[in-house]
Amino acid sequence: MRAAHCDHLLHTPICLSPPTTPHRQNLRIGFSISQAQHNRNRRTRRLVHFSCGAIRAVDGPQLSPWDEMPYEILPSGKKAYLDEQDVVTFLDPPKELIPLDSGSYNPAAYLWKKIEDIPEERHHRLLTLLNPRLISRAWQIAGTRYEDPKLAKKCASNLLCSEEKEPSVEFYSCQSSGGQWPIAWMKSFKKAVFYCDDGKTYGRLIGGSLLAQITNTCSPLYFMVVPHGEVMSTEQPCDLAYELGDGHLNLQSYPQGFPRPAKHPYPFNDQVVIYVRHVGPGVSVGQAWQEGKELQQVPRKLCGEILMVKDCAASAVVR
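When the letters of the sequence shown are read in order and numbered with full-length UniProt numbering, they come out as residues 1 to 319.
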């Protein structure tokens with residue numbers, strides 16, 4: 001076994017070994033790390049570019065996912081799951097981690113892989129770990145996905161990607177920085193996406209506050225899901241658009257227990273569109289824009305970027 005330098009991990013001596021056993025892909029891609037910090041924090045030993053194969057630190061033991069617990073115990077007694085912390089660290093790297101040239105790897109590919117490493121039933125932890133600033137950062141990084149044609153074809157939703165278009169529904173928990181009244185409830189809400197008998201895909205925003213619950217019944221916020229190449233206001237690339245329209249959708253069928261479509265309240269009846277980027281399996285990030293019916297109206301962003309995480313338990317229910 002010989003010492004070598006991985007092209008993507010500058011200044012970090014490692015030993016290459018053939019990936020003969022399955023191993024969990026590790027964190028800290030795109031950073032070089034000081035030896036002192038390497039010794040202080042065992043999680044920095046997970047730093048590896050996923051194209052470099054299995055690695056171990058020089059003069060250190062061979063690392064295996066079976067030797068590591070998926071979490072560490074904090075001084076408070078709480079568990080910090082390492083895969084989720086990998087995502088946070090990549091979006092908000094500590095000062096001692098020095099970013100490498102982003103041209104040497106695709107940040108969106110790494111973020112996708114790290115989310116893929118998290119078991120689906122633990123994806124919901126990202127809602128509490130990612131603050132509005134990190135959600136915005138995830139939106140920015142997801143924008144580099146379109147630089148890779150193969151990566152650009154990936155989809156976060158089984159419902160949207162499946163070739164078998166059977167009536168089904170997926171539920172998501174969503175979080176953003178919120179906004180001013182009357183959209184303050186968008187700080188935390190639910191989203192449903194469902195495939196209809198007419199061959200089209202629709203969805204619904206479901207608020208959690210008392211005022212939003214009244215709106216849920218009287219003026220449910222339905223939208224149509226359409227493929228879309230860019231955000232109209234910024235010309236930035238995206239995957240989908242949720243077009244809310246005026247609410248008068250001619251739905252022939254919708255999930256059991258959902259109310260009948262009705263006119264949307266302001267501002268959701270004023271050409272509101274949520275543009276979506278796929279970030280990882282079951283995870284997307286969106287921007288909500290009020291584009292307005294009037295030609296001279298200047299589009300405005302309704303709130304900060306929206307993190308959307310699939311609720312795997314609720315989505316298992318077939319209508």
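Glycine included, every Cβ here is placed at the ideal spot set by N, Cα and C.
- Remark: C-beta atoms of Ala-288 and Val-273 approach each other more closely than 9 angstroms.
- Glu-230 has Pro-237 as its beta-bridge partners, per DSSP.
- A check of alpha carbon separations from Gly-207 across His-124, Arg-133, Leu-221 identifies Leu-221 as the nearest.
- Per DSSP, reduced to three states, the secondary structure at Ile-183 is coil, with no helix or strand assignment.
- Taking each of His-124, Asn-250, Gly-247, Leu-97 in turn and checking the Cα distance to Tyr-81, the smallest one comes out for His-124.
- Residue environment: Tyr-266 is assigned as exposed (fewer than 16 neighbouring CB atoms within 10 Å of its CB, all protein chains considered).
- Using a Cβ-Cβ distance cut-off of 8 angstroms, the segment 87 to 95 and the segment 110 to 120 are in contact, since at least three pairs of beta carbons, one from each stretch, lie closer than that value.
- Residue burial is scored here from C-beta neighbours: Ser-176 has at least 16 other C-beta atoms within 10 angstroms and is therefore classed as buried.
- With a threshold of 16 other beta carbon atoms within 10 Å, Asp-83 meets it and is buried.
- Counting along the chain, Phe-90 sits inside the alpha helix (DSSP H) bounded by residues 82 to 91.
- Its chain contains Glu-84, Val-88 as the residues whose beta carbon lies nearer than 7 angstroms to that of Leu-129, once the 5 sequence neighbours on both sides are disregarded; these appear in chain order.
- Cys-174 sits in a strand when the DSSP states are folded into three classes.
- In the structure shown, the three-state DSSP call for His-124 is helix.
- By the beta-carbon neighbour count (other beta carbons within 10 angstroms, threshold 16), Pro-167 is exposed.
- Judged by DSSP in its simplified three-state form, Tyr-146 adopts helix.
- Arg-260 and Lys-154 have their C-alpha atoms some 33 angstroms from each other.
- Glu-291: not part of any alpha helix (DSSP H); DSSP gives it neither H nor E.
- For Glu-72, the three-state secondary structure derived from DSSP is strand.
- A residue is called buried when at least 16 other Cβ atoms come within 10 angstroms of its Cβ; Gly-280 meets this threshold and is buried.
- With respect to the C-alpha of Ser-188, the residue from Cys-303, Glu-230, Phe-258, Thr-144 having the closest C-alpha is Cys-303.
- Collapsing the DSSP output to three states places Ser-157 in coil.
- If you check the CB distance, Ala-241 and Tyr-202 do not come in under 9 angstroms.
- In the three-state DSSP reduction, Gly-103 falls in the helix class (H, G or I).
- When rounded, the separation of the alpha-carbon atoms in Glu-170 and Val-309 is 10 angstroms.
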